[in-house]
Every structure is written in structure tokens, then in C-alpha cells.
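Worksheet: the structure to be examined is printed underneath.
Number of protein chains: 2
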Amino acid sequence: MAYEQLKLDNQLCFRLYTAARLTMGAYHPYLDPLGITYPQYLVMLVLWEHEKQTVMDISHRLQLDTNTVTPLLQRMEKAGLIKRTKGKEDARQRIVTLTDKGLAMQEQAKHIPECLSAEILNHIGSIEELTKMIPTLDKLIEGLKQTNNEH
Amino acid sequence: MAYEQLKLDNQLCFRLYTAARLTMGAYHPYLDPLGITYPQYLVMLVLWEHEKQTVMDISHRLQLDTNTVTPLLQRMEKAGLIKRTKGKEDARQRIVTLTDKGLAMQEQAKHIPECLSAEILNHIGSIEELTKMIPTLDKLIEGLKQTNNEH
DNA sequence: ATAAAATATATCGTTTGCGATATAATTTTA
DNA sequence: TAAAATTATATCGCAAACGATATATTTTAT
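Residue numbers (this note's numbering), protein chains in the order written: chain A, 35 to 185; chain B, 35 to 185.
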């Protein structure tokens with residue numbers, strides 16, 4: 035191995051990639067009973083914060099493009115969690131709203147964040163160490179958004 | 035919005051998910067010319083460290099299951115980057131080795147890590163702040179590995 | 001007012017990621 | 001040693017991601 039910088043263990047990005055995947059896996063025991071996936075859970079979080087959002091709103095919030103969000107919403111509509119109606123002022127837009135089922139799911143989901151925290155806390159010393167990463171991750175995300183827009 | 039803990043902005047996991055995706059996007063300008071994807075780049079990193087590894091070795095190293103790694107390797111074989119041969123002592127195993135093309139790609143790839151660092155540094159104050167996350171991410175990954183194995 | 005540009009969403013094709021299951025070879029057990 | 005369990009890899013099906021492209025609607029420019 036000639037190049038030290040090419041070693042996997044020196045790569046922050048690989049850690050982010052792995053941590054993100056394993057985190058999604060840790061949600062499985064909590065999301066499976068609700069019948070939703072992690073990205074679908076994210077959409078629910080967005081809609082629980084504000085009812086009535088366009089596809090754009092959601093895709094901006096999740097930093098995902100419409101070509102990812104549209105099929106996601108279509109599956110969620112089929113599952114009876116949301117409704118998608120044509121916009122009235124602007125007919126190009128799709129207005130996404132929660133169904134009763136989707137709204138009711140919030141009650142079942144409200145303990146998930148603390149369950150996850152507790153689960154991780156079992157295997158890690160302090161939750162503070164994790165929350166300390168948040169400002170750095172936010173800066174990284176903002177930086178990457180710009181970087182990716184330039185190319 | 036009734037539940038504070040369900041707010042997207044309070045979620046570490048969402049940040050990991052987003053940071054990981056955007057990071058992969060930042061690799062695009064460097065990996066596209068090589069004709070490989072980010073997960074394929076990770077396989078290359080593993081193989082540049084040690085020639086001759088089994089599918090298991092690679093999947094352990096990347097924390098991916100064989101049902102992800104096998105098709106990945108099949109595509110890389112088709113692209114002429116690796117060879118996959120039946121194991122001699124244990125015929126169940128597949129031994130993965132680099133082709134000349136795969137080996138040569140290391141030279142073209144050796145600047146990628148510093149390019150990425152520089153790119154991110156353009157938009158973020160200090161690289162130290164990022165490297166400070168590494169031990170925490172490692173702990174998190176180890177913890178999640180255990181958490182996920184229990185379920 | 002009409003053509004051109006911009007915008008919002010959708011569709012298509014490919015690669016990943018992963019649960020479930022299958023297949024083949026090796027090891028263990030009875 | 002033959003059957004059972006284990007191990008290594010592969011296959012299948014579905015949900016994401018995402019680049020590229022298409023469609024429909026609105027806005028802008030001429």
C-alpha cells in the first residue's frame with residue numbers, strides 16, 4: 035500500500051456512510067411495526083411539523099430531489115398515509131397532506147427518538163459526545179450543499 | 035406540532051443521513067472520470083490495501099452484507115477492475131484480486147482524498163473540527179453494530 | 001398576445017442496500 | 001461415514017438515490 039491517504043481507516047466519509055447506514059438499521063425495530071421505512075419516517079416528521087406542503091417543500095427540507103421524493107410519496111399514498119392533491123393557485127404543484135391514519139401515527143411514533151437515544155446510550159458512554167457533533171455536521175452539510183451546487 | 039423530540043432539526047440521525055449522501059455527491063467529480071461509483075471506490079480502497087481478499091473480507095471491512103457486495107463485485111468485474119476466482123482450499127470462497135487496470139487506477143485516485151479535503155475546507159473553517167468527529171463516529175458505529183446484531 | 005424561458009412534478013434506467021431465500025461446499029455430530 | 005448443521009456466496013424482490021429526460025403549467029420577454 036503506497037498511499038497513506040487512501041487507507042479506509044483515514045476516511046471521514048466512509049465513517050459517515052457507515053454510521054448513516056447502521057443508524058437506519060437501528061430504526062428498523064421501531065419502524066417495522068408502523069410499516070414505514072426510514073425515508074418515509076423522515077417525510078412523516080416533515081408533515082407532522084407542517085400539514086399541507088408541496089413536493090418542493092418536502093424535497094428541500096430533506097435535501098432530496100423530486101425524482102426521489104415523488105416515488106416515495108406515491109408509495110406513501112398507496113399505503114394510505116398521505117393524500118396528494120393538485121394545487122389550486124398553481125396547478126403544477128402537488129399539495130401533500132396527511133390522512134387520518136398518517137396523523138394518528140404520530141402518537142405511535144412519539145417515543146421513537148428517545149428509544150433510539152436509549153439504545154445507543156447502552157453502547158456508548160455519553161449522549162453529549164454525540165450531540166457535540168451536531169454543529170459540525172450542520173457546517174459540513176451546508177458546505178457540501180454549496181460544493182455540490184458548483185459542479 | 036405537539037412533540038418536540040419529533041422535530042427534524044433535533045435529529046442527529048437525519049444529519050448523518052444527509053451528510054453521508056452529500057459527501058457521496060462531492061465525490062462525483064472525481065469518480066466519474068474513473069468510471070466508478072462511491073461504493074466501488076470503497077472496494078478499490080480495500081483492495082489497494084490488500085490484494086487477494088475474499089468476499090467476506092471485503093464485506094466485513096465495509097460493513098456491508100454479501101447480498102450488496104456480490105452484485106457490486108460482479109459489476110466491477112464486468113468493468114474490468116477486478117477478477118473473481120474460486121478459492122482453492124475452500125471452494126465456497128471467492129478470491130477477489132485486482133486486474134492491471136484496477137491496480138493502475140490507484141495512481142489516478144491518489145489525489146482524491148486531498149481534493150475532497152480541500153473542497154470541504156473551502157466552505158468550512160477548519161479540518162480539525164471534522165477530524166474531531168472521528169472518534170465519536172467510531173464509537174457510534176461500534177455501538178450500532180452491537181445494537182443491530184441484537185435485533 | 002405569442003413564443004421562449006423557467007418552474008414543479010413525474011418518469012425512466014441504473015446502482016445500492018437489504019431482508020429473505022437458495023445453493024454449494026465444509027464441518028460437526030450422531 | 002452419513003445426516004445435520006454451518007459457512008460462503010449468490011439470487012430475488014423491493015425501496016431508495018440520483019442522473020437524465022419528459023410533461024405540464026406559469027412566467028417572462030418580445
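Glycine included, C-beta positions come from ideal geometry on N, C-alpha and C. Just so it is clear, the structure is predicted and the values come from calculations on it, not from any experiment.
Item to complete: Following the continuous alpha helix (DSSP H) through A:LYS112, name the residue where it begins and the one where it ends.
Response: For A:LYS112, the enclosing alpha helix (DSSP H) starts and ends at 100-112.
(Q) Tell me which residues of the segment 37-59 of chain B have at least one Cβ-Cβ distance to chain A shorter than 8 Å, keeping chain order. (A) Going along the segment 37-59 of chain B in chain order, one finds TYR37, GLN39, LEU40, LYS41, LEU42, ASN44, GLN45, LEU46, CYS47, PHE48, ARG49, LEU50, TYR51, THR52, ALA53, ALA54, ARG55, LEU56, THR57, MET58, GLY59 with a Cβ nearer than 8 Å to chain A.
ask   = Which whole runs of the beta strand (DSSP E) in the segment 141-185 of chain A are 3 residues long or more, in chain order?
value = Counting whole runs of 3 or more residues, the segment 141-185 of chain A contains no beta strand (DSSP E) stretch at all.
Let me make sure I understand the geometry here. Which of B:ARG118, B:LEU56, B:ILE129, B:GLY121 has the alpha-carbon closest to that of A:LEU174? Closest by alpha carbon: B:LEU56.
- Item | Below-7 Å beta-carbon distance, A:THR71 vs any chain B residue | Not one chain B Cβ lies under 7 Å of A:THR71.
Inset, instruction - For B:LYS120, write down the residues that DSSP places opposite it in a beta bridge. - result: For B:LYS120, the beta-bridge partners assigned by DSSP are B:ARG128.
Checklist entry - Quick one: is A:MET167 near chain B, going by C-beta distance under 7 Å? => result For A:MET167, the closest Cβ of chain B is nearer than 7 Å.
If you run the structure through DSSP and keep just helix, strand and coil, what is A:THR88?
-> Reduced to three states, the DSSP call for A:THR88 is strand.
For this session: Tell me whether the beta-carbon of B:GLY114 lies closer than 7 Å to the beta-carbon of B:THR133.
Result: Result yes, Cβ atoms of B:GLY114 and B:THR133 sit closer than 7 Å.
Check your understanding: At a Cβ cut of 9 Å, what residues of the segment 75-105 of chain A count as close to chain B, listed as they run along the chain?
Key -> Against chain B - using a Cβ distance shorter than 9 Å - the residues of the segment 75-105 of chain A are LEU76, MET78, LEU79, VAL80, TRP82, GLU83, HIS84, ARG95, LEU96, GLN97, LEU98.
- prompt: Which residue's Cα is closest to the Cα of B:CYS149: A:THR181, A:VAL77, A:THR71, A:GLN97?
  reply: For B:CYS149, the nearest C-alpha among the options comes from A:THR181.
- Query: What is the rounded straight-line gap between the Cα of B:GLY136 and the Cα of A:GLU153?
  - Reply: So the alpha carbons of these two residues sit roughly 41 Å apart.
At a Cβ threshold of 7 Å, is B:ILE154 touching chain A?
It does: the Cβ of B:ILE154 has a partner Cβ on chain A nearer than 7 Å.
Between which residues of its own chain and B:TYR75 is the CB-CB distance below 6 Å, once the five residues before and five after are set aside? Cβ within range, chain order: LEU65.
For A:THR88 and B:ILE158, what's the separation of their Cα atoms in angstroms?
Near 31 Å, if we compare the C-alpha coordinates of B:ILE158 and A:THR88.
message = Using CA atoms only, rank isn't needed, just tell me which of A:LYS120, A:GLN97, A:LEU50, A:ALA125 is closest to A:PRO73.
response = Of the candidates A:LYS120, A:GLN97, A:LEU50, A:ALA125, the one whose C-alpha sits nearest the C-alpha of A:PRO73 is A:GLN97.
Under 7 Å Cβ to Cβ from B:SER93, same chain only, skipping five residues before and after it: list those, please.
-> ASP99, THR100, VAL103, listed in sequence order.
Task: Straight-line gap, A:TYR37 to A:LEU106 (C-alpha atoms, nearest Å) - done: So the alpha carbons of these two residues sit roughly 41 Å apart.
Requested in this report: Assuming A:PHE48 and A:LEU40 form a contact by the criterion Cβ under 8 Å, report the distance between their Cβ atoms to the nearest whole angstrom.
Outcome: About 11 Å separates the beta carbons of A:PHE48 and A:LEU40, which is beyond the 8 Å limit, so they are not a contact pair.
### Query
In chain order, what residues of the same chain have a beta carbon less than 7 Å from the beta carbon of B:TRP82, not counting five sequence neighbours either side?
In the same chain as B:TRP82, and ignoring 5 residues on each side of it, the C-beta atoms closer than 7 Å to its own belong to GLN140, in chain order.
| With distances taken from CA atoms, which of A:ILE168, A:PRO67, A:TYR51, A:LEU171 is nearest A:GLN142? | The shortest C-alpha to C-alpha distance from A:GLN142 to any of A:ILE168, A:PRO67, A:TYR51, A:LEU171 is the one to A:PRO67.
Given a threshold of 16 other Cβ atoms within 10 Å of its Cβ, counted over all protein chains shown, does B:GLY121 qualify as buried or as exposed?
-> By the neighbour-count definition (other C-beta atoms within 10 Å, threshold 16), B:GLY121 is an exposed residue.
query = Quick one: is B:LEU11 near chain A, going by C-beta distance under 7 Å?
reply = The requested residue 11 of chain B is not part of the displayed model; chain B covers only 35 to 185.
Check your understanding: In chain B, which residues lie less than 9 Å from A:LEU107 when you measure between Cβ atoms?
Key -> None at all; the shortest Cβ gap to chain B is about 17 Å.
Worksheet item: So which residues of chain A does B:ALA143 contact, with C-beta pairs closer than 7 Å?
Response: The answer, in chain order, is LEU40.
- Query: Got a sec: is the Cβ-Cβ distance from A:ASN183 to anything in chain B below 7 Å?
  - Reply: Chain B contact via Cβ: absent.
Does B:THR131 come within less than 7 Å of chain A when only Cβ atoms are used? Not closer than 7 Å to any Cβ of chain A, the Cβ of B:THR131 fails to qualify, so no.
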